[in-house]
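**Q** The structure is given below, and queries will be raised subsequently.
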Amino acid sequence: MSQFDITKLPQGPKGFVHDLGSDQRVFKGVPWGKAMMWIFLLSDTFIFSCFLISLMTARASTV
């Protein structure tokens, strides 16, 4: 697998397009739906844990 140096990316929109295409190389051989499912599950877990932590903090501060 080849490594990319971020300092060698072109500036401006061309660099953005080049970087945006990197997901094709990162998830090579993995179905796109499966990768997006795992990204959704991880983000959902993070958001839900933030809600739980804020709830516990709010309840602990009112005691």
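Going by the UniProt record's numbering, the first residue of the sequence shown is number 1, and it counts up by one from there. Note that the Cβ used here is the ideal one computed from N, Cα and C, for glycine as well. Everything numeric in this text was worked out from a predicted model, so none of it was measured.
Specify, as a first and last residue, the run of the alpha helix (DSSP H) that T62 falls within.
**A** Working through the sequence shown from its first residue, we reach residue 62 at position 62. It is not in any alpha helix (DSSP H) - T62 carries neither H nor E in the DSSP assignment.
**Q** Report the three-state DSSP secondary structure of P31 (helix, strand or coil).
**A** Position 31 of the sequence shown, counted from the first residue, corresponds to residue 31. If DSSP states are grouped into helix, strand and coil, P31 belongs with coil.
**Q** How many angstroms separate the CA atom of P13 from the CA atom of L55?
**A** In the sequence shown, the residue the question calls residue 13 occupies position 13. In the sequence shown, the residue the question calls residue 55 occupies position 55. Answer to the nearest angstrom: the Cα atoms are 42 Å apart.
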